[in-house]
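Visitor: Take a look at the following structure, please.
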Amino acid sequence: MADTVLEIRNLVKKFDGHIILNDLDMNVQEGEVVVILGPSGCGKSTLLRCINGLEEIQSGSVRIQGKEISGTKENAGLLRQKVGMVFQSYDLFPHLSVLGNIMLSPVKVQKRKKDEVKEEALELLKKVGLADKADSYPRQLSGGQKQRVAIVRALILHPEILLFDEVTAALDPEMVREVLDVILSLAKQGKTMLIVTHEMQFAKAVADRIVFIDEGKIMEEGTAKEFFEHPQTERAKKFLHVFSFEDVR
Amino acid sequence: MPDLGLEVLMKGNNLLRLFDGLWIAVEISLLSIVISIPLGILLGILMTRKNRLVRFLTKFYLEFIRIMPQLVLLFLVFFGTTRSMGWNLPGETAAVIVFVMWGTAEMGDLVRSALLSIPGHQYESGKALGLSRRQTYFYIILPQTLRRLIPVSINLITRMIKTTSLILMIGVVEVLKVGQQIIEANRMVSPNAAFGVFLVIFILYFVICWSVSMTARYLERKWS
Amino acid sequence: MVDFAYIERVLPLYERAAVLTVQLGIEGILLSIVIGLVCALILYEKIPVLRRFVMIYIEVSRNTPLLVQLFFMYYGLPKIGIVLTPEVCGVAGLAFLGGSYMAEAFRSGLDSVENIQRESAYSLGMNRMQAMCYVILPQAVSTSIPAFLANIIFLLKETSVFSAISLMDLMFTAKDLIGLYYKTTESLALLVVFYLMILLPVSIVGAVVERRVRYAGFGA
Chain A
1 MADTVLEIRN LVKKFDGHII LNDLDMNVQE GEVVVILGPS GCGKSTLLRC INGLEEIQSG
61 SVRIQGKEIS GTKENAGLLR QKVGMVFQSY DLFPHLSVLG NIMLSPVKVQ KRKKDEVKEE
121 ALELLKKVGL ADKADSYPRQ LSGGQKQRVA IVRALILHPE ILLFDEVTAA LDPEMVREVL
181 DVILSLAKQG KTMLIVTHEM QFAKAVADRI VFIDEGKIME EGTAKEFFEH PQTERAKKFL
241 HVFSFEDVR
Chain B
1001 MPDLGLEVLM KGNNLLRLFD GLWIAVEISL LSIVISIPLG ILLGILMTRK NRLVRFLTKF
1061 YLEFIRIMPQ LVLLFLVFFG TTRSMGWNLP GETAAVIVFV MWGTAEMGDL VRSALLSIPG
1121 HQYESGKALG LSRRQTYFYI ILPQTLRRLI PVSINLITRM IKTTSLILMI GVVEVLKVGQ
1181 QIIEANRMVS PNAAFGVFLV IFILYFVICW SVSMTARYLE RKWS
Chain C
2001 MVDFAYIERV LPLYERAAVL TVQLGIEGIL LSIVIGLVCA LILYEKIPVL RRFVMIYIEV
2061 SRNTPLLVQL FFMYYGLPKI GIVLTPEVCG VAGLAFLGGS YMAEAFRSGL DSVENIQRES
2121 AYSLGMNRMQ AMCYVILPQA VSTSIPAFLA NIIFLLKETS VFSAISLMDL MFTAKDLIGL
2181 YYKTTESLAL LVVFYLMILL PVSIVGAVVE RRVRYAGFGA
């Protein structure tokens, strides 16, 4: 049996008195690709931020390979290296080149050798089709290119799990594909991933398991086939219906 | 308890004399700003003119005033006029002249950028209503810029009040000079007066400038 | 008529004074940059207690004239046993004044860096310090450069009051010579020329940098 990479127990997150995540439990096994779906404002993004320790949680626990991540300020950095996150907005550091963005953390935080990191960075850039952009600056890249760099920047830390927070939501339609292709190929390589997305076709293609969240709770989960073809709950049906309706239009 | 030289201030009307000295500074600043506002508006309007010569001259004036230390300007006016025009300007007048020159420049630049930030269709709609150029400025453009100018002119007042400390150097009897006189007069009885007197002047300046800048900040927040 | 012989005679005096002005100015400015950076970081990181002190310091420094600060330091402090040379007073005064202006410049730069930058630094495993040094500060500094240069010009101009605590700077020299020789026009002209030589280059650099910052960004 595969190891459990991520283990969430009774997670409660409140914001200004509102309950965002309500007693949520979730496991992700090694090599698994889990896609989180749900209406906007259901707490999907907040969940990812909690897993990365960017949000304080009110109660419950978030463990990465058995180690608690929240509330442990001292080694938060160390644990965060095990969690790679790619945000919706292209969050590259504007003052550094593509290579500078990718190499900053491995060199300064993980104290790895510059040459070795550079070699790996160039290798990864080649894989995402950006070998020629190593010395460009973020402002010279398109949204899709920036997002691929952000993925490489997370990958090079060799995280145990990768979190994707609606990484294509801010992209022009023609750039969505190039980013999703990169994520698909990562899935084929057996990377453990937790993905929040609105791209239903993509979710179908990439997910080992779909988790449907609404009102801060997991309403339903199952394989992509089960979820899309035979949703169990009313909420999931309604959610999927909205999308199919939009497809028709 | 060491002698901090504070008792001097309690003697006679010494404290009152300090206040009087500071009041001169405030008076000069207020008078200068009152004169600077209309002149600054005029300069600002001139600066938005298309005429190249006018633009060059006004820009030159602005940059010269901005780059020169205020003390140099005070020297130029105070000593320069004596020599070249044979005037014997009192220090107060020289100070007001310099502060007006400075205030006009700063105000002019603010008016210029405020005018430029008003969209062109405001001018056009004035024209469309049959208003003359002057009427358009007077009824439409200026009222819109004035409100933005009030907090910045209050800010300018604080900067001026702070700068009034310099007029000591051209012989005006203001708060620092009064302070020196008090210290001199009491050299024998309270040798440490310099500490107390200058500390009090420091605090007085702070209280005045701080309250004025708080007012500016309040208005800025309220009207922005 | 302009008396060129006189100008030639007093030129070395002005040169020496200009060197003093620039030297003390640079020392004060460097110190004020350090003070400003420390204060801005304290405010940005919201460090308790220290933050209050910094806020008070900024208000006091911004709302009192340099001349009054200098008089207090030079004439007042010796009475309680703190005797400072005019040079130290000048530099300390300039740093006390400039620190708050530099702090504001740094702070607006820091505020302009979006929060997501800090978060993504964290998510790459950096700690607070690393995120500040490698990600936030470099961006903040580059946006505050125009404000920075404006402050430098302001502080160099402020050095003109040093003459009041008997430092032989440009103002002191000019006033001295006017009193001695009554060559007012020449003395004042030299005063203006020397200040222009010091301030104009900084001002031009400032104008160029401001245009570059406005129209371009990193990697342009």
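Here the protein sequences come in this chain order: A, B and C. Going by my numbering, the first residue of the first sequence is number 1, and it counts up by one from there. Going by my numbering, the first residue of the second sequence is number 1001, and it counts up by one from there. Going by my numbering, the first residue of the third sequence is number 2001, and it counts up by one from there. Backbone N, C-alpha and C fix where the C-beta goes; we use that ideal spot for every residue, glycine too. From a predicted model like this one, the values you see are computed outputs, not experimental measurements.
Using a beta-carbon distance below 8 Å, is residue 2182 of chain C in contact with chain A?
Guide: Chain A, which has no Cβ nearer than 8 Å to the Cβ of residue 2182 of chain C, makes this no.
Visitor: Any beta-carbon of chain B closer than 8 Å to the one on residue 2210 of chain C?
Guide: Against chain B, the CB of residue 2210 of chain C has no partner CB under 8 Å away; the residue lies outside that interface.
Visitor: With burial defined as no fewer than 16 other Cβ atoms inside 10 Å of the residue's Cβ, what is the status of residue 1135 of chain B: buried or exposed?
Guide: exposed
Visitor: Taking the alpha-carbon of residue 2098 of chain C as reference, which of C:2157, C:2010, C:2126 has the nearest alpha-carbon?
Guide: Shortest Cα-Cα distance from residue 2098 of chain C to any of C:2157, C:2010, C:2126 involves C:2157.
Visitor: Have a look at A:109, A:31, A:133 and flag the residue whose alpha-carbon is nearest the alpha-carbon of residue 2134 of chain C.
Guide: A:109
Visitor: Roughly how many angstroms lie between the CA atoms of residue 1129 of chain B and residue 1141 of chain B, to the nearest whole one?
Guide: 14 Å
Visitor: Can at least three beta-carbon pairs, one atom from the stretch 2145-2161 of chain C and one from the stretch 2104-2117 of chain C, be found at a separation below 8 Å?
Guide: yes
Visitor: Below 8 Å, how does it come out for the stretch 43-56 of chain A and the stretch 10-27 of chain A: are there three or more Cβ pairs, yes or no?
Guide: Using a Cβ-Cβ distance cut-off of 8 Å, the stretch 43-56 of chain A and the stretch 10-27 of chain A are in contact, since at least three pairs of beta carbons, one from each stretch, lie closer than that value.
Visitor: Between the alpha carbons of residue 1021 of chain B and residue 1176 of chain B, how many angstroms are there, rounded?
Guide: 8 Å
Visitor: What does DSSP give as the partner residue(s) for residue 193 of chain A in the beta ladder?
Guide: A:33, A:162
Visitor: Are residue 88 of chain A and residue 159 of chain A touching if we call contact CB-CB under 8 Å?
Guide: No, the Cβ-Cβ distance between residue 88 of chain A and residue 159 of chain A is not below 8 Å.
Visitor: Would you mind sorting residue 1023 of chain B into buried or exposed? The rule is 16 or more other CB atoms within 10 Å of its CB.
Guide: Under this definition residue 1023 of chain B is an exposed residue.
Visitor: Between the alpha carbons of residue 1064 of chain B and residue 2192 of chain C, how many angstroms are there, rounded?
Guide: Each residue's Cα considered, the two are about 10 Å apart.
Visitor: For a test of the three-state rule: what should DSSP assign to residue 2151 of chain C, helix, strand or coil?
Guide: When secondary structure is reduced to three states using DSSP, residue 2151 of chain C falls in the helix class.
Visitor: The beta strand (DSSP E) spanning residue 210 of chain A covers which residue range?
Guide: Under the DSSP assignment, residue 210 of chain A falls in the beta strand (DSSP E) whose first and last residues are 209-214.
Visitor: Quick check on DSSP: helix, strand or coil for residue 2114 of chain C?
Guide: coil
Visitor: Could you give the distance in angstroms between the alpha-carbon of residue 1073 of chain B and the alpha-carbon of residue 1098 of chain B?
Guide: 6 Å
Visitor: DSSP has residue 2055 of chain C in a bridge; who is on the other side?
Guide: Paired residues: none, contrary to the question.
Visitor: Just to make sure I have the definition right: I need the residues of chain B whose C-beta is within less than 9 Å of the C-beta of residue 2171 of chain C. Which are they?
Guide: 1069, 1071, 1072, 1075, 1169
Visitor: Taking DSSP as the reference, what is the three-state secondary structure of residue 16 of chain A?
Guide: coil
Visitor: Name, going along the chain, the residues of the stretch 1188-1212 of chain B whose beta-carbon falls closer than 7 Å to a beta-carbon of chain C.
Guide: 1192, 1194, 1195, 1198, 1199, 1201, 1202, 1205, 1206, 1209, 1210
Visitor: Decide yes or no for the touch test of the stretch 5-14 of chain A against the stretch 173-188 of chain A: beta carbon pairs closer than 8 Å, at least 3 of them.
Guide: Judged by Cβ distances under 8 Å, the stretch 5-14 of chain A makes no contact with the stretch 173-188 of chain A, as fewer than three pairs qualify.
Visitor: Residues in the same chain with beta-carbon distance under 7 Å from residue 249 of chain A, minus the five sequence neighbours each way, listed in chain order, please.
Guide: Residue confidence for residue 249 of chain A is low, a pLDDT of 45 falling below 50, so the modelled location carries little weight and cannot support an answer.
Visitor: What residues from the stretch 2038-2049 of chain C come within 7 Å of chain B, judged by C-beta to C-beta, listed N to C?
Guide: none
Visitor: For the alpha helix (DSSP H) holding residue 1230 of chain B, just list the boundary residues, first then last.
Guide: Beyond the ends of chain B as shown, which are 1001 and 1224, falls residue 1230 of chain B; an answer cannot be given.
Visitor: Quick one: grab the DSSP three-state call for residue 2162 of chain C.
Guide: helix
Visitor: Secondary structure at residue 249 of chain A, three-state DSSP: helix, strand or coil?
Guide: Confidence at residue 249 of chain A is low in this model, with a pLDDT of 45, below 50, so its placement is unreliable and no value can be given for it.
Visitor: Grouping DSSP H, G and I as helix and E and B as strand, with all else coil, what is residue 61 of chain A?
Guide: For residue 61 of chain A, the three-state secondary structure derived from DSSP is strand.
Visitor: Beta carbons nearer than 7 Å to chain C: which residues of the stretch 1021-1035 of chain B have them?
Guide: none
Visitor: With a threshold of 8 Å between beta carbons, is residue 2015 of chain C in contact with chain B?
Guide: no
Visitor: Determine the contact status of residue 1164 of chain B and residue 1029 of chain B, defining contact as a CB-CB distance below 8 Å.
Guide: Yes, Cβ-Cβ distance for residue 1164 of chain B and residue 1029 of chain B is below 8 Å.
Visitor: Near residue 2066 of chain C, what residues of its chain come up, given a Cβ to Cβ distance below 8 Å and the 5 sequence neighbours on each side ignored?
Guide: 2093, 2094, 2097, 2158, 2161
Visitor: When the Cα atoms are used, what is the spatial distance from residue 1211 of chain B to residue 46 of chain A?
Guide: 44 Å
Visitor: Are residue 2032 of chain C and residue 1067 of chain B closer than 8 Å when you measure CB to CB?
Guide: Cβ distance not < 8 Å, so residue 2032 of chain C and residue 1067 of chain B don't count as in contact.
Visitor: Can you tell me which of the three DSSP states residue 3 of chain A falls into?
Guide: coil
Visitor: Do we get a CB-CB distance below 8 Å when we pair residue 1079 of chain B with the residues of chain E?
Guide: In the structure shown, chain E does not exist; the protein chains are A, B and C.
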